[in-house]
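Asker: Right, I'll just put the structure down here and ask away after.
Number of protein chains: 2
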Amino acid sequence: MEDVGAERRRAAAKKRPRLEDVAARVGVSTASVSLVLRGVAGPSERTRQRVLKAAADLGYQVDRTASLLASRRTRMLGVMVDVHSPFHADLVEYLHSAAEEVGYDLVLSTQTRTRDERTAVETLLAFRSEALILLGPTAPVDTLAALDGKAPVIVVGRRIEEGQLDVVRTADDDGVGQIVDRLVALGHREITYVDGGKGVIATDRRRGYRTAMRRHGLDAHIKVLRGDNTEAAGERAARHLLDAGELPTAVVAFNDQSAIGVLAGLARAGVSVPGEVSVAGYDDDRLSRLSCFDLTTVSQGAEAQARYAVAAAVERLDEGRTEPREVVLAPHLVVRRTIAGPR
Amino acid sequence: MEDVGAERRRAAAKKRPRLEDVAARVGVSTASVSLVLRGVAGPSERTRQRVLKAAADLGYQVDRTASLLASRRTRMLGVMVDVHSPFHADLVEYLHSAAEEVGYDLVLSTQTRTRDERTAVETLLAFRSEALILLGPTAPVDTLAALDGKAPVIVVGRRIEEGQLDVVRTADDDGVGQIVDRLVALGHREITYVDGGKGVIATDRRRGYRTAMRRHGLDAHIKVLRGDNTEAAGERAARHLLDAGELPTAVVAFNDQSAIGVLAGLARAGVSVPGEVSVAGYDDDRLSRLSCFDLTTVSQGAEAQARYAVAAAVERLDEGRTEPREVVLAPHLVVRRTIAGPR
DNA sequence: ACCAGGAATTAAAGCGCTTTAAATTGTCCT
DNA sequence: AGGACAATTTAAAGCGCTTTAATTCCTGGT
Numbered sequence: 026m027e028d029v030g031a032e033r034r035r036a037a038a039k040k041r042p043r044l045e046d047v048a049a050r051v052g053v054s055t056a057s058v059s060l061v062l063r064g065v066a067g068p069s070e071r072t073r074q075r076v077l078k079a080a081a082d083l084g085y086q087v088d089r090t091a092s093l094l095a096s097r098r099t100r101m102l103g104v105m106v107d108v109h110s111p112f113h114a115d116l117v118e119y120l121h122s123a124a125e126e127v128g129y130d131l132v133l134s135t136q137t138r139t140r141d142e143r144t145a146v147e148t149l150l151a152f153r154s155e156a157l158i159l160l161g162p163t164a165p166v167d168t169l170a171a172l173d174g175k176a177p178v179i180v181v182g183r184r185i186e187e188g189q190l191d192v193v194r195t196a197d198d199d200g201v202g203q204i205v206d207r208l209v210a211l212g213h214r215e216i217t218y219v220d221g222g223k224g225v226i227a228t229d230r231r232r233g234y235r236t237a238m239r240r241h242g243l244d245a246h247i248k249v250l251r252g253d254n255t256e257a258a259g260e261r262a263a264r265h266l267l268d269a270g271e272l273p274t275a276v277v278a279f280n281d282q283s284a285i286g287v288l289a290g291l292a293r294a295g296v297s298v299p300g301e302v303s304v305a306g307y308d309d310d311r312l313s314r315l316s317c318f319d320l321t322t323v324s325q326g327a328e329a330q331a332r333y334a335v336a337a338a339v340e341r342l343d344e345g346r347t348e349p350r351e352v353v354l355a356p357h358l359v360v361r362r363t364i365a366g367p368r
Numbered sequence: 026m027e028d029v030g031a032e033r034r035r036a037a038a039k040k041r042p043r044l045e046d047v048a049a050r051v052g053v054s055t056a057s058v059s060l061v062l063r064g065v066a067g068p069s070e071r072t073r074q075r076v077l078k079a080a081a082d083l084g085y086q087v088d089r090t091a092s093l094l095a096s097r098r099t100r101m102l103g104v105m106v107d108v109h110s111p112f113h114a115d116l117v118e119y120l121h122s123a124a125e126e127v128g129y130d131l132v133l134s135t136q137t138r139t140r141d142e143r144t145a146v147e148t149l150l151a152f153r154s155e156a157l158i159l160l161g162p163t164a165p166v167d168t169l170a171a172l173d174g175k176a177p178v179i180v181v182g183r184r185i186e187e188g189q190l191d192v193v194r195t196a197d198d199d200g201v202g203q204i205v206d207r208l209v210a211l212g213h214r215e216i217t218y219v220d221g222g223k224g225v226i227a228t229d230r231r232r233g234y235r236t237a238m239r240r241h242g243l244d245a246h247i248k249v250l251r252g253d254n255t256e257a258a259g260e261r262a263a264r265h266l267l268d269a270g271e272l273p274t275a276v277v278a279f280n281d282q283s284a285i286g287v288l289a290g291l292a293r294a295g296v297s298v299p300g301e302v303s304v305a306g307y308d309d310d311r312l313s314r315l316s317c318f319d320l321t322t323v324s325q326g327a328e329a330q331a332r333y334a335v336a337a338a339v340e341r342l343d344e345g346r347t348e349p350r351e352v353v354l355a356p357h358l359v360v361r362r363t364i365a366g367p368r
């Protein structure tokens with residue numbers, strides 16, 4: 026009993042200082058302190074200085090949960106990312122800067138094996154994000170639209186049918202088309218595509234491949250290998266090609282991770298890239314830029330996407346826009362080492 | 026004027042439901058609803074069901090900021106990570122599971138170019154993290170110790186002198202020693218080390234290299250190349266070696282990222298690994314496992330570290346431990362493709 | 001000396017939830 | 001029927017901050 030009491034007292038003694046403590050020390054009201062600390066105009070210079078000093082002396086640090094609760098606004102944007110994606114990592118960084126510029130803060134929630142999309146989004150909402158920026162969400166449109174009722178939803182990187190939600194994305198089919206065009210220009214005809222699974226993004230890119238192949242009259246060479254968004258899938262695809270014994274002259278993968286898997290699979294079998302086979306990815310993520318891969322890929326303009334996404338959120342939040350808007354950016358080819366003319 | 030009023034009314038109308046709304050709908054008090062929603066024993070089964078139903082109907086979602094504010098506890102652990110480090114990404118994932126198991130939640134804060142360690146930690150504190158788990162912090166001990174006054178600090182992966190703080194780490198010098206031992210056993214004598222900069226971790230690993238070399242009587246071959254924790258540094262080091270024209274038979278790098286840079290630099294110059302030069306890294310991070318690298322490295326046991334870190338936090342928070350404790354795990358060699366006997 | 005008007009300051013009412021102590025209800029004996 | 005006791009339920013007091021409306025304090029002009 027004694028002990029518990031003592032402990033409690035000790036704990037109370039070293040409790041973090043509150044606004045009230047700072048106010049008491051200076052001899053002003055908590056209102057004034059609050060104003061000074063947030064840099065709101067009003068308090069006199071003298072008060073300002075004294076408050077600042079007292080706050081520093083006490084080691085005062087604002088309690089964000091209380092601020093958020095008290096102010097109707099939170100100025101926080103919730104971002105859902107897939108922690109495994111290097112491309113998302115890039116995006117997050119740009120989102121950070123973009124948000125900072127307009128005075129917003131980011132709260133991240135990441136999906137892992139144990140936390141699915143729904144949980145991730147709920148956390149964001151529970152923390153009072155004012156808008157949700159979802160990077161490549163896989164949930165059905167209805168679900169996303171329902172979410173939009175609770176907070177403006179900005180979907181990044183994925184197509185959504187007909188003006189239901191704010192979307193920022195690149196024209197994925199066009200991007201893949203550009204790769205195919207370039208490969209064809211280099212003289213390739215046997216161009217195989219490694220698929221990215223059943224998401225909307227994957228569908229678009231696959232379509233881009235098919236369309237481009239047809240445009241060049243290469244219908245007969247259209248070949249799509251099952252896959253997903255991981256290195257493992259790329260490697261499997263490569264093994265599959267090798268086992269089949271008839272390597273195409275070029276392989277285009279759903280994304281960079283998959284492409285890197287393809288690269289690995291080929292390397293292991295001693296197939297030279299781009300000597301024997303050309304390989305291209307999609308996203309221009311960190312990994313693709315590593316000099317050991319130096320992968321030819323398509324840039325989605327991560328920075329621009331981040332900027333537009335934040336801008337969209339701000340428009341909804343601060344400028345009263347209510348109609349959904351879609352921003353489609355043009356992807357552009359980033360030619361690096363992994364493609365060349367056919368063998 | 027009219028418009029603004031109207032808009033405000035509309036906004037108010039679709040405001041998210043509060044505990045009170047759920048309570049009103051069922052005809053009980055907010056207290057009961059709170060209890061039910063948190064799964065606390067007390068409310069009858071009948072009440073329980075009705076509350077759950079009402080909450081679902083209304084689409085109620087708890088406002089975390091309010092909960093946190095109201096409960097003295099937050100059950101949140103603040104984690105500071107470097108978003109660029111694949112090893113940290115691994116750790117975070119394990120931390121997530123470990124925390125979840127003991128009923129804690131994680132709030133992440135990442136340093137980027139624009140956000141330094143201090144800011145990151147302040148955010149964590151502002152969100153009322155009860156303890157801080159710092160992954161490889163670079164701040165001086167004093168700063169960290171000061172922090173410990175505000176919330177228990179658990180330092181992960183870095184040595185801290187003499188019982189000032191909770192620390193979970195692996196014996197880095199030993200780890201590097203193991204690599205050197207293995208290389209020597211394979212017959213290597215000219216083993217060069219690519220340094221990791223001036224942090225404490227780097228110091229330990231460098232020492233491990235030096236000590237091991239001396240132990241094998243290879244003092245004359247000790248050679249440390251300047252570097253840091255990036256791929257770029259590794260690549261620079263490789264170029265340096267190549268320019269000097271006298272390649273060692275083995276290169277040990279500060280971490281996997283740096284080692285991958287070395288690999289890239291050597292590959293570009295057409296030097297075969299492990300044929301002509303053996304290369305080893307440290308951390309056993311994601312990248313090192315990619316089959317295209319298949320890098321020999323040292324595992325720090327990310328999962329175990331995460332587990333111990335969370336355990337340490339819980340002990341401080343819930344079990345009243347106050348003396349700092351250090352957990353030093355034994356690293357273990359992960360032999361993959363990149364080392365072999367000397368040429 | 002007095003007052004209008006602006007500048008600085010503050011009292012007080014929440015924000016949406018948790019939690020404690022007290023009130024209410026129900027059950028089972030005697 | 002009356003009462004003891006346990007099972008439920010709830011009123012009300014915060015949590016630490018923001019914000020609005022009101023108050024106080026200064027000016028300078030008359």
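Protein chains in written order, with our numbering: chain U, 26 to 368; chain V, 26 to 368. Even glycine gets a Cβ: it sits at the ideal position worked out from N, Cα and C. Nothing here was measured: the structure is a model prediction, and the numbers come from that model.
For U/ILE158 and chain V, any beta-carbon pair shorter than 9 Å?
Answerer: Taking Cβ atoms only, chain V never reaches closer than 9 Å to U/ILE158, which makes this a no.
Asker: Give me the residue from U/ALA114, U/LEU94 and U/ARG368 with the minimum Cα distance to U/SER134.
Answerer: U/ALA114
Asker: Could you tell me the distance, in whole angstroms, from the CA atom of U/THR228 to the CA atom of V/THR90?
Answerer: 39 Å
Asker: Exposed or buried, what is U/GLU260 when buried is set at 16 or more other beta-carbons lying within 10 Å of its beta-carbon?
Answerer: buried
Asker: Starting from the Cα of V/ASP88, find the closest Cα among V/VAL146, V/VAL51 and V/GLU45 and give me that residue.
Answerer: V/GLU45
Asker: Mind listing, in chain order, the continuous beta strand (DSSP E) runs of no fewer than 3 residues lying wholly within the stretch 143-179 of chain V?
Answerer: 156-160
Asker: Starting from U/ILE380, find everything on chain V with Cβ-Cβ shorter than 8 Å and list it in chain order.
Answerer: It is not possible to answer for residue 380 of chain U, since the shown part of chain U is limited to 26 through 368.
Asker: Thinking U/PRO356 and U/THR195 are a contact (beta carbons under 8 Å), I'd like their distance in whole angstroms, please.
Answerer: 4 Å
Asker: Opposite U/ILE216 in the DSSP bridges: which residues?
Answerer: U/ALA275
Asker: Measuring only the C-alpha atoms, how far is U/ARG73 from U/VAL61?
Answerer: 6 Å
Asker: For chain U, check one thing: does any of its Cβ atoms lie closer than 9 Å to the Cβ of V/GLY84?
Answerer: yes
Asker: Which whole-angstrom value describes the C-beta separation of V/LEU169 and V/PRO162, a residue pair presumed to lie in contact below a C-beta threshold of 8 Å?
Answerer: 6 Å
Asker: Any contact between the stretch 338-354 of chain U and the stretch 313-322 of chain U? By contact I mean 3 or more CB pairs, one from each, below 8 Å.
Answerer: Not touching, per the Cβ criterion.
Asker: Which whole runs of the alpha helix (DSSP H) in the stretch 78-110 of chain U are 4 residues long or more, in chain order?
Answerer: 89-95
Asker: Any beta-carbon of chain V closer than 9 Å to the one on U/ASP88?
Answerer: yes
Asker: Candidates U/LEU159, U/VAL296, U/ILE247 and U/ALA66: which alpha carbon is nearest U/ARG264's?
Answerer: Cα-wise, what sits closest to U/ARG264 is U/VAL296.
Asker: Give every residue of the same chain whose Cβ lies closer than 6 Å to the Cβ of V/ARG362, excluding the five residues on either side of it in the sequence, and list them in chain order.
Answerer: Setting aside the 5 residues that flank it on each side, V/ARG362 is surrounded in the same chain by ASP319, each with a C-beta closer than 6 Å to its C-beta; the list follows chain order.
Asker: I want to verify the contact list: residues of chain U whose CB lies under 7 Å from the CB of V/PHE152, in sequence order.
Answerer: ARG89 and THR90
Asker: Note down, in chain order, each residue of its chain lying with its Cβ closer than 8 Å to the Cβ of V/TYR333, except the 5 sequence neighbours on either side.
Answerer: VAL193, VAL352 and LEU354
Asker: Keeping to the same chain, check which residues put their C-beta closer than 8 Å to that of V/ARG239; ignore five residues upstream and five downstream.
Answerer: ILE247
Asker: Quick one: what's got a C-beta closer than 7 Å to V/ALA338's C-beta in the same chain, skipping five residues either side?
Answerer: LEU102, ALA156, ILE158, PRO177 and ILE179
Asker: Could you check which residue in V/LYS40, V/LEU83, V/ASP82 and V/SER92 has the C-alpha nearest to that of V/SER59?
Answerer: Put simply, of V/LYS40, V/LEU83, V/ASP82 and V/SER92 the residue whose alpha carbon is nearest the alpha carbon of V/SER59 is V/SER92.
Asker: If we count the other Cβ atoms within 10 Å of its Cβ and call it buried at 16 or more, is U/ASP308 buried or exposed?
Answerer: buried
Asker: Return helix, strand or coil for U/ALA355, following the three-state DSSP convention.
Answerer: In the three-state reduction of the DSSP assignment, U/ALA355 falls in the coil class, being assigned neither a helical nor a strand state.
Asker: Which class does U/ARG194 belong to by DSSP, given the choice of helix, strand or coil?
Answerer: U/ARG194: strand per DSSP, three-state reduction.
Asker: Cβ closer than 8 Å: which chain U residues qualify as neighbours of V/VAL108?
Answerer: ALA114, VAL117 and GLU118
Asker: If the cut is a Cβ gap below 8 Å, which residues of chain V does U/LYS223 touch?
Answerer: Per Cβ cutoff of 8 Å: no residues; U/LYS223 is ~25 Å from chain V at best.
Asker: Please go through the same chain and pick out, in chain order, the residues whose beta-carbon is closer than 6 Å to the beta-carbon of U/GLY188, but skip the five residues on each side of it.
Answerer: PRO349
Asker: Could you name the residues that DSSP lists as bridge partners for V/LYS223?
Answerer: DSSP lists no partner for V/LYS223.
Asker: In the DSSP assignment, find the unbroken alpha helix (DSSP H) run with V/VAL287 in it and report its ends.
Answerer: For V/VAL287, the enclosing alpha helix (DSSP H) has its first and last residue at 281-293.
Asker: Classify U/GLY242 as buried or exposed, calling it buried when 16 or more other Cβ atoms lie within 10 Å of its own Cβ.
Answerer: In summary, U/GLY242 is exposed, with fewer than 16 beta-carbon neighbours lying within 10 Å of its beta-carbon over all protein chains present.
Asker: Strictly by DSSP, which residues pair up with V/ALA305?
Answerer: V/VAL277 and V/THR321
Asker: Between the stretch 168-201 of chain V and chain U, which residues of the former have CB atoms less than 8 Å from a CB of the latter, in chain order?
Answerer: GLY174 and LYS175
Asker: DSSP on U/LEU312, reduced to helix/strand/coil?
Answerer: helix
Asker: Should V/GLU118 and U/VAL108 be called a contact, given that it needs their Cβ atoms to be closer than 9 Å?
Answerer: yes
Asker: Is U/THR135 helix, strand or coil when you go by DSSP?
Answerer: strand
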